[in-house]
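Asker: So the mapping is simple: the numbering used here equals the position in the sequence shown, first residue as 1, plus 276.
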Amino acid sequence: MAPPAGLTGAQLGQKQWASAFALVTSLCFTWGFAYGLLSVLNAHFQTVFGITKLQSAFLQLAYFGAYFVWAPFASAIIGRIGYNKGIHVGLALYSIGAIFCWPSAKFETYGGFVGSIFVTGCGLSTLEVAANSYITVLGTPHYAAARLNFSHGFQAVATFAGPLIASRWFFTGANATSLGTVQWVYLAVAGSGIALHILFFFCGLPEITEEALAEEIDDSKVGTIYSPGPLWKQYHCVLGFVALTAYYGAQVTVASFAVNFLVDQKVGIDQSKASQLLSFCQITFTISRFIGVAILNFIDPALLLAVYGFCCSLFCLLVSQLPGYRAVGCFFCLFFFESICYPVRPFSYQAIIHSSSSVKRQCIFSLGTKNLRVQTKRGTGLIVMGVVGGAWYPLAQGALADRAYTRRSYLVPMSGFFAVTIYAIGIVVDQTRKNGFAFRNRDGLSVMHAADSCPAESLPDDAKVHSNSEKRVSSDKLIAVA
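1) Give a yes or no on whether the C-beta atoms belonging to residue 532 and residue 333 are separated by under 8 angstroms.
2) Look up residue 575 in the DSSP assignment and give the residues it is bridged to.
3) State the CB to CB distance for the pair residue 696 and residue 516, rounded to an integer number of angstroms; the pair is presumed to be in contact (CB under 8 angstroms).
4) Does DSSP put residue 681 in a helix, a strand or coil?
5) Since residue 538 and residue 522 are thought to touch, with beta carbons under 8 angstroms apart, how far apart are those beta carbons, to the nearest angstrom?
6) Return the first residue and the last residue of the alpha helix (DSSP H) that residue 291 is part of.
7) Nearest to residue 690 by alpha carbon, out of 381, 314, 527 and 473?
8) Touching or not, the segment 663-681 and the segment 559-569, by the rule of three or more beta carbon pairs under 8 angstroms?
9) Mapping DSSP to helix, strand and coil, what is residue 367?
10) What would DSSP say about residue 721, mapped onto helix, strand or coil?
11) Which residue's Cα is closest to the Cα of residue 433: 325, 301, 409 and 329?
12) Which whole-angstrom value is the C-beta distance of residue 818 and residue 395, which I expect to be below 8 angstroms?
13) Work out the CA separation of residue 380 and residue 400 for me, nearest whole Å.
14) Does DSSP put residue 384 in a helix, in a strand, or in coil?
15) Please name the residue in 564, 560, 344 and 556 whose C-alpha comes closest to that of residue 426.
16) Per DSSP, what kind of secondary structure is residue 548 in: helix, strand or coil?
17) Can you round the beta-carbon distance between residue 582 and residue 704 to whole angstroms, since I take them to be within the 8 angstroms contact cut?
18) Using CA atoms only, rank isn't needed, just tell me which of 602, 593, 478 and 429 is closest to residue 615.
19) At which residues does the alpha helix (DSSP H) containing residue 460 begin and terminate?
20) I'd like to know whether the C-beta atoms of residue 323 and residue 450 end up nearer to each other than 8 angstroms.
21) Out of 411, 352 and 325, state which residue places its alpha-carbon closest to the alpha-carbon of residue 385.
22) Taking the CB atoms as reference points, tell me whether residue 547 and residue 312 lie closer together than 8 angstroms.
23) Using CA atoms only, rank isn't needed, just tell me which of 610, 597 and 580 is closest to residue 591.
24) Grab me the residues of residue 465's own chain with a C-beta within less than 6 angstroms of its C-beta, minus the 5 sequence neighbours each way, in chain order.
25) Determine, using beta carbons only, whether residue 687 and residue 596 come nearer to each other than 8 angstroms.
26) Hey, out of 605, 470, 303 and 699, whose CA is closest to residue 402's CA?
27) Count the other C-beta atoms from every protein chain shown that fall within 10 angstroms of the C-beta of residue 328, then say buried if there are 16 or more, exposed otherwise.
28) Measure the alpha-carbon distance for residue 556 versus residue 519 and round it to whole angstroms.
29) Measuring CB to CB, does residue 612 end up less than 8 angstroms from residue 561?
30) Can you tell me whether DSSP reads residue 613 as helix, strand or coil?
31) Can you tell me the Cβ-Cβ gap for residue 437 and residue 316, rounded? I've got them flagged as a contact below 8 angstroms.
32) DSSP on residue 543, reduced to helix/strand/coil?
33) Counting only beta-carbon atoms, is residue 377 nearer than 8 angstroms to chain B?
34) Taking the alpha carbon of residue 479 as the reference point, which residue from 294, 605 and 514 has its own alpha carbon closest?
35) Could you spell out the range, first to last residue, of the alpha helix (DSSP H) harbouring residue 662?
36) May I ask you to report which of helix, strand or coil DSSP gives residue 708?
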């Protein structure tokens with residue numbers, strides 16, 4: 277079955293665009309709320325099931341391991357049936373997994389709960405592949421990072437709801453040693469998935485296809501356009517996968533053991549209070565995320581990622597070394613600087629217009645969005661697989677936390693933030709070497725049109741090869757002439 281014929285973001289009217297953006301942004305609440313709940317279940321399950329910190333990390337292994345296992349299939353499914361039907365597939369898996377959490381909690385079966393979380397993760401990975409790429413192509417490439425940042429700001433709003441619920445219902449009274457409340461919460465999660473099914477069915481979502489985007493590229497007449505080649509040769513995408521693995525692993529494990537960390541500070545914080553403080557940390561993350569929307573419109577995202585990555589590494593180190601309230605204060609600062617890293621990670625999505633001379637000229641986000649053409653959904657699947665970092669980082673931190681003080685285990689996420697910092701610095705150096713240092717965010721179209729006026733000798737080496745060997749002879753095809 278071929279993907280249905282569709283439109284491009286530029287062809288949508290203002291109301292239609294706003295409706296589509298709001299619909300897809302609503303999906304951010306699904307994985308935001310699910311992730312928020314998961315962050316507090318580690319400490320709760322340690323009490324109910326009598327398991328170690330390492331054993332409790334199997335929740336993250338199931339949830340984020342599902343992203344690694346299922347994301348390639350999700351990418352292929354969406355490429356074959358389109359965004360609309362792909363979203364319904366994701367919502368179906370999400371709802372089924374949440375429903376099976378109910379009997380697992382009812383009969384207190386930890387293995388069943390881990391399996392249910394895996395199915396839920398498969399659904400969420402499908403939704404993320406669809407939603408993130410759709411948001412990116414739903415407008416000009418110059419503001420793609422800001423759009424994604426804004427949408428994920430609402431994900432952050434849903435994220436702090438989980439710890440708030442836990443502080444009131446999971447860790448108080450008889451619920452502190454049972455899963456009575458957990459089963460009803462996940463039943464409500466399943467109901468929300470079904471409600472979204474109905475909403476998307478009746479409201480409809482404009483289908484944006486790669487074929488329509490390709491026609492828009494040809495109609496723009498912006499100069500020589502070449503095929504990006506095999507996905508494995510798109511090094512910005514492959515390295516983006518590595519960077520996202522490091523970052524996501526660090527982010528997930530920071531929150532997964534937050535309740536244990538706060539309680540272990542010995543400053544009078546119990547599990548209920550710790551869960552509430554985690555919610556406040558997520559609020560800090562959310563506020564910083566919306567601040568990032570404004571910043572990304574002006575500051576080069578690669579440069580900003582380097583600064584924020586360094587701050588995350590520094591505060592993570594301080595959390596692991598300082599005692600008491602000083603460590604708690606650094607913990608809040610860590611959440612603040614985490615916020616901007618996620619939306620400027622190098623997602624590999626389709627940009628609306630591409631140019632051979634723009635290869636490696638853009639910031640981290642643009643490197644992932646402007647050169648994949650028909651490889652978009654496969655590239656998106658690869659990048660989403662980077663979420664697998666969230667599966668094994670908590671295992672490493674849990675093992676260290678069982679053998680040492682929980683505070684010391686935060687050296688594990690520090691290594692992830694440090695890797696992201698190195699990656700961001702490398703992108704900044706590469707941009708500076710090719711185009712000079714840029715503090716401001718560059719408009720991709722401006723760079724492209726400037727490149728069109730440059731002689732072939734001024735193009736990057738890979739662009740020269742393609743410009744000499746390929747010639748555009750139709751609206752949908754490139755034929756080698758050399």
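By construction, the Cβ of each residue, glycine as well, lies at the ideal position given by its N, Cα and C atoms.
Keep in mind it's a predicted model, so treat the numbers as computed, not measured.
Answerer: This is what the structure holds:
1) Yes; because the gap between Cβ atoms is below 8 angstroms, this pair is in contact.
2) DSSP, once it has assigned bridges, lists 716 as partnering residue 575.
3) Wrong, their Cβ atoms sit about 11 angstroms apart, outside the cutoff.
4) Here residue 681 sits in coil by DSSP.
5) Not a contact, Cβ separation roughly 25 angstroms.
6) DSSP places residue 291 inside the alpha helix (DSSP H), whose first and last residues are 290-325.
7) For the residues 381, 314, 527 and 473, the minimum Cα distance to residue 690 belongs to 527.
8) No: the two stretches stay apart, fewer than three of their Cβ pairs being nearer than 8 angstroms.
9) For residue 367, the secondary structure class from DSSP, reduced to helix, strand or coil, is helix.
10) Below a pLDDT of 50, predicted positions are generally treated as unreliable, and residue 721, at 43, falls in that range; the measurement from the model is reported next regardless. Residue state for residue 721 is assigned as helix, using DSSP reduced to three classes.
11) Answer by Cα proximity: 301.
12) Since the first residue of the chain shown is 277 and the last is 758, residue 818 is not available in this structure.
13) Their backbone Cα atoms lie some 20 angstroms apart in a straight line.
14) Coil, per DSSP.
15) Considering only alpha carbons, the answer is 564.
16) Residue 548: helix per DSSP, three-state reduction.
17) Correct: roughly 6 angstroms between the Cβ atoms.
18) Comparing Cα-Cα distances from residue 615 to each of 602, 593, 478 and 429, the minimum goes to 429.
19) Counting along the chain, the alpha helix (DSSP H) containing residue 460 begins and ends at 456-479.
20) The criterion of a C-beta distance shorter than 8 angstroms is not satisfied by residue 323 and residue 450.
21) Closest in C-alpha terms to residue 385, from the list 411, 352 and 325, comes 325.
22) Judged by their CB atoms, residue 547 and residue 312 are not nearer to each other than the 8 angstroms cut-off.
23) Cα-wise, what sits closest to residue 591 is 610.
24) Within the same chain, and ignoring the five residues on either side of residue 465 in sequence, the residues whose Cβ sits closer than 6 angstroms to its Cβ are 374.
25) Yes; because the gap between Cβ atoms is below 8 angstroms, this pair is in contact.
26) It is 303.
27) With a 10 Å radius around the Cβ and a threshold of 16 neighbouring Cβ atoms, residue 328 comes out exposed.
28) Rounded to the nearest angstrom, the two C-alpha atoms are 27 angstroms apart.
29) Yes; because the gap between Cβ atoms is below 8 angstroms, this pair is in contact.
30) In the structure shown, residue 613 adopts helical secondary structure according to DSSP, grouped into three states.
31) Not confirmed; about 11 angstroms, so no contact.
32) Of the three classes helix, strand and coil, the one that applies to residue 543 here is coil, per DSSP.
33) Given the protein chain composition of this structure (a single chain), no chain B is represented.
34) Taking only the C-alpha atoms, the option nearest residue 479 is 294.
35) That residue, residue 662, is in no alpha helix (DSSP H); it is neither H nor E in DSSP.
36) In this structure, residue 708 counts as helix in the three-state DSSP scheme.
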